[in-house]
Amino acid sequence: MSLTHQDVARIARLARIAVTDEEIAATGAQLNNIFGLIEKMQAVNTDGIEPMAHPQDVSLRLRDDVVTETNHRDAFQAVAPQVAAGLFLVPKVIE
Amino acid sequence: MINATLKELSAALAAKSVSSAELAGQFLDRIAALNPTLNAFITVDPEKTLAEAAAADAARAAGQAGLLTGVPLAIKDIFCQQGWKTSCGSKMLDNFIAPYDAHVIERVRAAGLVTIGRTNMDEFAMGSANENSYYGPVKNPWDLAAIPGGSSGGSAAAVAARLAPAALGTDTGGSIRQPASHCGITGIKPTYGVVSRYGMVAFASSLDQGGPMAQTAEDCALLLNTIAGFDGRDSTSLERPTEDYTRELGNSLSGLKVGLPREYFAAGLSADVARVIDEAVAQLKKLGAEVVEVSLPNTELSIPAYYVIAPAEASSNLSRYDGVRYGHRAAEYKDLVDMYEKSRAEGFGAEVKRRILVGTYVLSHGYYDAYYLKAQKIRRLIADDFKKAFEQCDVILGPVAPTAAFNIGEKSNDPVEMYLSDIYTLSVNLAGLPGMSVPAGFAANGRPIGLQIIGNYFGEAKMLNVAHQFQQATDWHRKAPAL
Amino acid sequence: MKWEVVIGLEVHVQLNTASKIFSGSSTAFGAEPNTQASAVELALPGVLPVMNKAAVEKAIRLGLALGSTINKKNVFARKNYFYPDLPKGYQISQMDLPIVQHGTLTIQVGDEEKVIHLTRAHLEEDAGKSIHEGLEGLSGVSGIDLNRAGTPLLEIVSEPDMRSPEEAVAYARALHTLVTWLGICDGNMQEGSFRVDANVSVRPEGQVEFGTRREIKNLNSFRFLQQAIEAEIQWQIDTIEDGGKVQQATVLFDPDKGETRAMRSKEDAHDYRYFPDPDLLPVVITQEQIDAVRESMPELPGQMKERFAENFGVSAYDANLLTSSYALARYFEAVAAATGQGKLAANWINGELAASLNRDGLDIAQSPLSAERLAGLIVRIADGTVSSKLAKQVFEAMWGGELSADEVIERDGLKQVSDVGAIEKMVDEAIAANPKAVEEFRAGKEKALNALAGQVMKASKGKANPAQVQEILKQKLGAA
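As you go down the protein sequences, you meet chains A, B and C in turn. If you read the first sequence in UniProt numbering, its first letter stands for residue 1, the second for the next number, and so on. If you read the second sequence in UniProt numbering, its first letter stands for residue 1, the second for the next number, and so on. If you read the third sequence in UniProt numbering, its first letter stands for residue 1, the second for the next number, and so on.
Here is the structure:
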């Protein structure tokens, strides 16, 4: 397989990373090399193998429904790029 | 005291032959002198460090000192630590002062360890050479032309150069073991789930695990005692009885079954490394170990499987860096999407972007089964290989990396070449097993080489026993670079 | 051409847990912005989700009520997309293995019952809110409040089984009744606790394939749901009849204009890159847990409806109304049990009581008339103490005061006259005073009897027992 420039542009858009045309060309070549490496998986027959999502075969621990958090807004917003009236500000969201 | 182990420092502090403040001062002076050359630390804050040291001395004076109270510790810049910049080696988080403590940080604070500084690392822990840091590459203290390994390269270099007696690292695909090997120190990646990931900036959630890096196996055991344990804030943290990881250190290795995986000694292994591992195995035999050959047939597949799973998880984990609530935001943008795209393009370095793109692609519509699901099935095959191997042996031994540290810049333009050098470390993370690196010798060019010890699930104490007995019989771990 | 409408609903139900689905933050509504957004909701580097047990139990509760399959192993997945109200850049949801699958809900439209099939119900986290107004002095920005982020949601997805806006509304209402009945949701639609997305398409009658659907997002009242679907259907039919094609789209309903419009922000082709969340392990539910939830379940609206019809002879229509909320059903049961007059109780509750509550904007729980007091009135209607007509007067007096039915009847002298002698006397007087009407009746004009009865009732100030009046009149006129 081989990623086209359109493929690279599409995934960069999905990942919300701005890329210039030159970057697309350079990145595309590197990604194709990486996928050359990854493709080696395809030669292996994995029929009937259960996918392994976690190293340990255990189930989720559930917590009791109790409020334990308190308000830390000021501390959290001290590191925010732009805030007003307790809100995080972003360029206008259009629905 | 700069060459002392944690054990020795602990004794000196207890004997009041040195104070925590004096100790911190000595290491801070050394950092001031050598860090400009090595670039092992991103943040050093003597005021904070000395305040912690003074608090430790006060605790000792009040009779409230524990075993490691007042001992300096370097911390990889990936652990959130309240009041300290937690950059994760990225421009994205260059302005991020953590507003809370990671579980591991709570533990070391409670034990009275003193933060000597925050160590350099590959950006978001993605790298094997520490060349991917926004703060520049770390130099190997044994040879300034060499890489220190990655991603915990700053931690490894700091311990090797005696800028800190020990450090915390993280290991997603070898990031504790490989730099430990390249810098001639001891490092252990615990079983997945033993050390809480809460507050550790995520790279690949199902693979990440924090662990200690120090001069000796005994020091690693002491630090692991401090940081391991259940944490309700990490759903993958395991509820197990508290362990004393030093409990087996003194055991004899007589009758120990050591497995050597055929695939770890095949083509691609450098003569230097092969020689060092052979000598180490011979040494262990002398100590009573029995050697059996085992097979891990899917070893080679660990590279493609890892380079699908880790980027996939990373692509999602790193979506939170969007310039909205913290972190880098581009100065100019025309709308919301532009703000996202520019902030992320500016905030992330090349390797991080590459992995985000690979991860985005393998999860995208129509490719999930062929890549992500396939990789997870191979992950199972790899874990099953280990299961079978551990039916025949107690620990598995092998190289950490195919060669000693390569030169800075040697592989930085070829990601695939770089990925291939991770061949001996990735499967341990995929399986979730514990692994460690122990100094075992030097290459002809004088660069250190480590021996990898892989344990069965929760086999940390056994691994540390093997490493400690090896270190009782050898002195590789006591050698320090001339600086 | 005749068109058939096809509708499926996706309903987002906020579960009424105290804390969020993955953190210990409060879910209380209306707090100052971002004061209930912890490090987890803010997606600070290094934070991790820890699942709320109550959310799992509430999902099981709904699954059992719908006769669904409870997946004993269910898995959380990440749905990846960028939006400022979604701090992690992904929503933790369920994809391949949701907690609840299949099941049915019976709805009633007019006198017809219909079974709607459920596809699934999965657990997920709510997003925050984007605020566009009230940011004084700031233009071109939106504010993000993450208090709502992480509120547990159960997204309940139906099959495309509905064929009219009325059916869609009936289904949404029945589901609303059920989730509040089960105590898993506060049902407050204004606060967004129950939000409906409607997938709407049209196809020529008789065609098997579905038409292209558009999804109307975020409808937070039954009225808007009805209006939005009606507007959407009309738009789709007009579009096709004008030679156009419906394109799959996500749309918003503008209640002021009464029209739907495509959303601009979601123009990108969606590619959510779902994969199992590596921070969360599979949820494993044991049979014991399911049994424990089952034991704590109340009688369900459908079961109660059947029981009301069977035990009290209430019509299906009335029974459906009476089971529109658990509180109402309990009220009815109390009245019916105290009086032994199920039908009469149903008529009064669905009639007078419902109208009065509606007029005063009250909930059944806030009714000034307790079930006990209403029962007192029903008993007096049933035993003939008060006529149905005067009972309304009694009801009004009771609504506005504290008196019992007997006290009102006594005070206002509204007791029905059933004394034969007294009625005969009034009847005789009426016959004597209205010879013309008597003559007409005898000539075969049945209606004339009503005029005479009216005179008697008037003379009794409405208190004479109307049935007795009729009977005695007929007797006296020799018609019996």
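From the three backbone atoms N, C-alpha and C, an ideal C-beta is built for every residue, glycine too.
- Residues of chain C whose Cβ lies closer than 9 Å to the Cβ of Ser152 of chain B do not exist, since the nearest Cβ in that chain is about 16 Å away.
- The DSSP-derived three-state label of Leu89 of chain A is strand.
- Counting other Cβ atoms within 10 Å of its Cβ, Asn358 of chain C stays below 16 and is therefore classed as exposed.
- Beta-carbon to beta-carbon, Arg325 of chain B and Leu42 of chain C are separated by about 5 Å, close enough to satisfy the 8 Å threshold.
- Listed in chain order, the alpha helix (DSSP H) elements of length 4 or more contained wholly in the region 413-469 of chain B are 415-420, 426-431.
- In this chain, the alpha helix (DSSP H) harbouring Ala55 of chain C covers 53-65.
- Secondary structure of Pro46 of chain B (DSSP, three-state): helix.
- Within the region 188-244 of chain C, complete alpha helix (DSSP H) segments of at least 4 residues are found at 222-241, given in chain order.
- Counted as a single uninterrupted DSSP element, the stretch harbouring Ile409 of chain C is not any beta strand (DSSP E) but the alpha helix (DSSP H) occupying residues 405-412.
- Rounded to whole angstroms, the separation of the alpha carbons of Val408 of chain C and Leu374 of chain C is 12 Å.
- Apart from sequence neighbours up to five positions away, the residues of its chain that approach Leu13 of chain B with a beta-carbon distance below 6 Å are Gly70, ordered along the chain.
- Counting only runs of at least 4 residues, the region 71-110 of chain B fully encloses the following alpha helix (DSSP H) elements, listed from N- to C-terminal order: 103-110.
- Ala375 of chain B reaches chain A at Ile38, Met41, Pro51, counting residues in chain order whose Cβ is nearer than 9 Å.
- Burial is judged here by how many other beta carbons sit within 10 angstroms of a residue's own beta carbon; Gln190 of chain C has fewer than 16 and is exposed.
- A residue is called buried once 16 or more other Cβ atoms fall within 10 Å of its Cβ, and Gln42 of chain A, having fewer, is exposed.
- If one requires a minimum length of 4 residues, the alpha helix (DSSP H) runs lying completely within the region 189-262 of chain B are 217-227, in chain order.
- Leu3 of chain A has a beta carbon lying at 7 Å or more from every beta carbon in chain C.
- As DSSP reads the structure, Gln101 of chain C sits in a beta bridge with C:Thr69, C:Arg120.
- Separation of Val293 of chain C and Thr286 of chain C (C-alpha to C-alpha, rounded to the nearest whole angstrom) is 11 Å.
- Using a Cβ-Cβ cut-off of 7 Å, Lys20 of chain C does not count as an interface residue toward chain B, since no Cβ of chain B sits closer than that to its own.
- Lys79 of chain C: member of the beta strand (DSSP E) spanning 76-80, first to last residue.
- Taking C-alpha positions only, Ile24 of chain A is separated from Arg16 of chain A by approximately 14 Å.
- By a beta-carbon distance limit of 8 Å, Gln56 of chain A contacts Leu238 of chain B. Their separation comes to about 7 Å.
- Counting C-beta atoms within 10 angstroms of its own C-beta, Lys377 of chain B has 16 or more neighbours from the protein chains shown and is therefore classed as buried.
- Within chain C, the residues Glu32, Pro33, Asn34, Thr35, Gly143, Asp145 have their CB atoms less than 9 Å from the CB of Gly86 of chain A, given in chain order.
- Within chain B, the residues whose beta carbon sits less than 7 Å from that of Ala80 of chain A are Arg325, Tyr326, listed in sequence order.
- For Lys447 of chain C, the uninterrupted alpha helix (DSSP H) segment begins and ends at 447-459.
- Apart from the 5 residues on each side of it in sequence, Gly432 of chain B sits with its Cβ closer than 6 Å to the Cβ of Tyr192 in its chain, given in chain order.
- Annotation: Gln82 of chain B to Pro99 of chain B spans about 5 Å, alpha carbon to alpha carbon.
- Proximity of the region 238-252 of chain B to the region 266-279 of chain B falls short of the contact definition, fewer than three beta-carbon pairs being nearer than 8 Å.
- A Cβ of chain B is located within less than 7 Å of the beta carbon of Asn80 of chain C.
- Boundaries of the alpha helix (DSSP H) around Phe441 of chain C: 435-442.
- Note on Glu372 of chain C: under 16 other CB atoms within 10 angstroms of its CB, so exposed under the neighbour-count rule.
- Each of B:Gly232, B:Phe386, B:Ser151 was checked against the Cα of Pro261 of chain B, and the nearest Cα belongs to B:Phe386.
- Between the C-alpha atoms of Arg195 of chain C and Thr239 of chain C there is a straight-line separation of about 27 Å.
- The beta carbon of Leu256 of chain B sits closer than 6 Å to those of Ala289, Asp394, all from its chain and outside the five residues before and after it, given in chain order.
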